[in-house]
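Asks: Numbers 0 to 661, taken from numbering that gives the first Met the number 0, label the letters of the sequence shown in order.
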Amino acid sequence: MKKVDYEHFSRFLMPHSVAARADELYFCVKRAVLDENRYASDLWVLRDGKAKRLTSAGDVSGFWLTDEGVVFSALREKKDKERAEAGEPLTVLYVLPYDGGEAREFCRLDCSVGEVRFLGNGRFLFTATVSRNWERALSEAGGDAKKAAEALKKERAACTVVDELPFWFNGRGFVNGNRSRLGIYENGAYRFLTGESTDAELGGLSPDGRLLSFTAVDWTGTMPLSDRLCLLDTGTLAIEDITVAEGASHYWSAPLAGGRIAALVNTHDRYGLNQNPSLYLRENGAWRPVLADGAHCFGNSVGSDIKAGANFSGDEFERGGELFFLDTQGGSAHILAVDEATGAARCVTRPGLNIAAAALWKDGFAVSAMRGNSGCEIMYIAPDGTETALTDFNAAICAEYAYSAPEPLNFVNSRGREIEGWVIKPVDMDPGKKYPAILDVHGGPKTVYGSCYFHEMQLWASQGFAVMFCNPTGGDGGGDEFADIRGHYGEQDYADLMQFVDTVLERCGFIDPDRLGVTGGSYGGFMTNWIIGHTGRFKCAASQRSIANWTSFHNTSDIGWYFAEDQVGGSPWNGLEKVWEQSPLKYADRVTTPTLFLHSDEDYRCPLSEGLQMFYAVREHGVESRLCIFHGENHELSRAGKPENRIRRLREITEWMEHYLK
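This is how it looks when you write it as structure tokens:
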């Protein structure tokens with residue numbers, strides 16, 4: 000069998016955004032196009048047991064099922080692409096009839112549409128990003144969009160002015176003055192329903208289409224961390240404030256049958272910003288908690304570099320007195336059913352599954368999911384949890400290449416908590432030989448690893464490395480108390496990782512304890528920086544998109560001013576000593592481990608300055624080090640960066656490990 004190479008991730012097809020219509024399933028399939036250094040995504044349908052591609056231009060990333068057909072957003076005409084490239088906001092929606100035929104233009108809007116909820120009869124509600132700078136430029140140009148785009152481009156080339164927090168955002172660039180406004184399209188025109196200073200995010204639409212829930216944040220200057228939950232009457236367009244709790248964040252909401260409303264709400268009162276949300280239900284105008292035990296994150300936190308999408312993508316979330324969500328427990332992302340009356344929660348699916356998207360279908364569920372090294376497929380999940388694959392997009396690839404299955408290696412930490420861990424053996428391992436090993440630390444910290452396919456790990460296994468990874472204290476899938484490391488970064492989490500390595504070495508005699516490397520990104524990059532400042536047991540390290548200094552992170556990250564203080568328990572002006580104690584940069588003078596640093600120059604989550612500081616410090620102290628800066632990339636480089644840059648990133652890390660460990 001063939002061994003996994005640097006380009007192997009590009010061979011996988013990634014289905015996502017599943018939606019059901021009677022016996023049919025609609026979904027998108029994303030793929031990397033190496034020779035064009037980009038990604039393509041097309042619309043597919045599963046009909047009569049067969050998957051059929053409906054579009055081929057590779058420009059469909061989302062869609063909506065309507066009375067008229069499948070509606071999707073794309074820019075297909077040359078003039079439209081040129082307008083968008085010039086900087087003009089533009090959205091064109093196309094509709095594809097269910098019974099076949101060519102897609103036709105449905106409507107066009109001179110704004111950047113995000114979410115959409117269709118009401119029928121050509122009406123729909125939507126959110127659109129509206130730029131204060133664009134509105135000003137358009138006004139100054141007398142309504143001439145072309146002139147406005149040219150003027151704004153010239154202005155931005157000379158100077159960028161910011162007066163808000165956040166002024167930039169990872170994956171979006173500079174967002175100063177931008178708001179996501181709620182609008183309605185009807186009678187061939189659109190208008191906005193929320194003000195110029197309000198950020199809106201759509202919730203669900205009631206089964207009869209009469210009510211829409213949405214969140215609203217009214218702000219200028221500095222964005223608040225709480226929002227309002229609102230209810231829109233789609234007939235009268237009257238808006239009612241139905242906020243569950245003042246100061247809370249409403250993560251998700253959906254009007255249900257009979258005028259009831261469900262919502263996931265983080266009140267921040269026990270475990271801060273990363274507190275798991277509670278499920279509330281509104282009946283007869285009053286809210287009541289349904290499930291508030293802090294045990295469920297209500298989402299998919301399981302990492303992988305070959306999946307796309309997350310959460311329920313259909314319009315229905317309720318059946319038989321239960322509400323359904325994705326949830327993370329341990330290393331699995333599964334379907335959680337919650338009884339509306341009692342709050343009793345049960346897991347519908349079986350352990351080890353990583354569900355990227357799901358929708359109610361027939362008497363069970365249609366999902367886009369991964370299990371083991373199989374890649375992502377569309378599956379049917381029966382009420383008893385039985386899985387039936389409906390597609391085989393990746394079967395041929397998986398049969399052609401040699402993978403090494405993650406083997407569970409759990410242990411009990413110093414607090415008496417069982418910690419999940421895995422070891423991937425080198426492909427074609429000779430039991431009589433010793434092998435180098437790489438410790439891979441996940442990001443977050445509130446995410447998890449699972450047993451599903453991870454390209455970088457399989458690449459290293461094919462190159463003759465063992466790979467070690469676990470879910471230390473601070474991660475997701477174990478409840479609020481387990482995830483809470485606020486003010487204690489680098490303590491129990493670090494202890495768990497070191498104990499895990501000790502346990503692996505005790506149980507896996509094929510690993511050479513003198514040839515260990517460590518890597519990780521985001522929080523995993525923070526922990527890599529922390530590790531090299533606290534131990535010399537690793538012969539080399541690769542720190543990716545990391546945090547080095549909580550003070551600079553506080554004042555530069557798109558989430559810095561609130562996330563840093565919440566997580567480390569201090570700020571540059573209140574508790575600076577505590578902030579510095581938890582900063583890896585403080586310990587850089589102790590580092591002896593040769594370290595590779597990788598960062599993107601448009602990473603606004605963990606800004607480039609973090610990688611620069613750590614590189615500067617260890618190099619100043621005479622440690623062999625190297626810094627790779629990826630241009631035009633952001634915090635998502637390893638998962639969604641340009642294919643060529645993803646390959647370069649993997650090559651840099653792998654060759655660094657080979658140099659020091661082989």
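Quick reminder that beta carbons are idealized off the backbone N, C-alpha and C, glycines included.
Per the DSSP calculation, residue 364 is bridged to which residue(s)?
Replies: 359, 380.
Asks: Just checking my contact of residue 670 with residue 106 at CB under 8 Å: how many whole Å lie between their CB atoms?
Replies: Only positions 0 to 661 of the chain appear in this structure, which leaves residue 670 out of reach.
Asks: Exposed or buried, which one is residue 600 when buried takes at least 16 other CB atoms within 10 Å?
Replies: So residue 600 counts as exposed.
Asks: What does a CB cutoff of less than 7 Å around residue 219 pick up in its chain, not counting 5 residues either side in sequence?
Replies: These residues qualify, in order along the chain: 196.
Asks: Should residue 544 go down as buried or exposed, given a rule of 16 or more other Cβ atoms within 10 Å for buried?
Replies: Counting Cβ neighbours within 10 Å, residue 544 comes out buried, since at least 16 surround it.
Asks: Grouping DSSP H, G and I as helix and E and B as strand, with all else coil, what is residue 259?
Replies: Residue 259 falls in the coil class under three-state DSSP.
Asks: Quick check: what's the CA-CA separation for residue 152 versus residue 132?
Replies: Residue 152 and residue 132: Cα-Cα distance of roughly 11 Å.
Asks: Does the distance from the C-beta atom of residue 604 to that of residue 557 stay below 9 Å?
Replies: Cβ atoms of residue 604 and residue 557: closer than 9 Å.
Asks: Distance check for residue 520 and residue 471, CA to CA, integer angstroms please.
Replies: Going by the C-alpha atoms only, they are around 15 Å apart.
Asks: Counting along the chain, where does the beta strand (DSSP E) carrying residue 492 start and finish?
Replies: No beta strand (DSSP E) contains residue 492, which is instead part of the alpha helix (DSSP H) from 491 to 506.
Asks: Hey, could you find the ends of the beta strand (DSSP E) residue 30 is sitting in?
Replies: Unbroken beta strand (DSSP E) run through residue 30: 23 to 32.
Asks: I think residue 27 touches residue 41, with their Cβ atoms under 8 Å apart; what is that distance to the nearest whole Å?
Replies: Yes, residue 27 and residue 41 are in contact; Cβ-Cβ is about 7 Å, under 8 Å.
Asks: At the level of alpha carbons, what is the spacing between residue 390 and residue 364?
Replies: Distance between the alpha carbons of residue 390 and residue 364 is about 15 Å.
Asks: Of all the options 488, 542, 611, which has the alpha carbon lying nearest to the alpha carbon of residue 473?
Replies: Looking at the Cα atoms, 488 is the closest of the given residues.
Asks: Could you give the first and the last residue of the continuous alpha helix (DSSP H) run that contains residue 146?
Replies: Counting along the chain, the alpha helix (DSSP H) containing residue 146 begins and ends at 144 to 157.
Asks: Assuming residue 346 and residue 359 are in contact, meaning their beta carbons sit under 8 Å apart, how far apart are those beta carbons, in whole angstroms?
Replies: Not a contact, Cβ separation roughly 16 Å.
Asks: According to DSSP, what are the bridge partners of residue 91?
Replies: For residue 91, which the question treats as bridged, DSSP gives the partners 107.
Asks: Helix, strand or coil for residue 349? Go by DSSP, reduced to three states.
Replies: Coil at residue 349, not helix or strand.
Asks: Classify residue 157 as buried or exposed, calling it buried when 16 or more other Cβ atoms lie within 10 Å of its own Cβ.
Replies: Residue 157 should be labelled exposed.
Asks: Starting from the C-beta of residue 64, find all residues in its chain whose C-beta is less than 7 Å away, skip the five residues before and the five after it, and write them out in chain order.
Replies: 18, 20, 25.
Asks: Taking a contact to mean a Cβ-Cβ separation below 9 Å, would you say residue 469 touches residue 406 in this structure?
Replies: No, the pair does not count as a contact, with Cβ atoms beyond the cut-off.
Asks: Please classify residue 251: is it buried, with 16 or more other beta-carbons within 10 angstroms of its beta-carbon, or exposed?
Replies: That one is buried.
Asks: Considering only the alpha carbon of each residue, which of 403, 435, 579 lies closest to residue 427?
Replies: Residue 403 is the option with its Cα nearest to residue 427.
Asks: Of all the options 224, 394, 327, which has the alpha carbon lying nearest to the alpha carbon of residue 12?
Replies: Per the Cα distances, 394.
Asks: Determine the direct distance from the alpha carbon of residue 449 to that of residue 274, and round the result to whole angstroms.
Replies: Answer to the nearest angstrom: the Cα atoms are 21 Å apart.
Asks: Rounded C-beta distance between residue 591 and residue 622? I'm assuming under 8 Å.
Replies: Right, their Cβ atoms sit about 6 Å apart.
Asks: Would you mind listing the alpha helix (DSSP H) stretches within the region 6 to 86 that are 4+ residues and don't spill past its ends, in chain order?
Replies: As far as the region 6 to 86 is concerned, its whole alpha helix (DSSP H) runs of at least 4 residues are 77 to 85.
Asks: Starting from residue 160, trace the alpha helix (DSSP H) both ways and give me its first and last residue.
Replies: Taken as a continuous stretch (DSSP letters only), residue 160 belongs to no alpha helix (DSSP H), as it is neither H nor E.
Asks: For residue 495, count neighbouring Cβ atoms within 10 angstroms of its own Cβ and tell me buried if that reaches 16, exposed if not.
Replies: Buried, since its Cβ has 16 or more Cβ neighbours within 10 Å.
Asks: DSSP beta-bridge partners for residue 401?
Replies: Looking at the DSSP assignment, residue 401 forms a beta bridge with 2.
Asks: What residue from 187, 134, 423, 499 has the CA that sits closest to residue 412's CA?
Replies: Of the candidates 187, 134, 423, 499, the one whose C-alpha sits nearest the C-alpha of residue 412 is 499.
Asks: In the structure shown, what three-state DSSP assignment does residue 555 receive?
Replies: Of the three classes helix, strand and coil, the one that applies to residue 555 here is helix, per DSSP.
Asks: Just checking, does the region 278 to 286 make contact with the region 256 to 265 on the three C-beta pairs under 8 Å criterion?
Replies: These segments touch.
Asks: Could you check where the alpha helix (DSSP H) with residue 581 kicks off and where it finishes?
Replies: Residue 581 -> no alpha helix (DSSP H), and no H or E assigned at all.
Asks: Less than 9 Å between the beta carbons of residue 588 and residue 616, yes or no?
Replies: Yes, they are a contact pair.
Asks: Going by Cα to Cα distance, which pick from 322, 296, 319 is closest to residue 331?
Replies: Measuring from the Cα of residue 331, the nearest candidate turns out to be 296.
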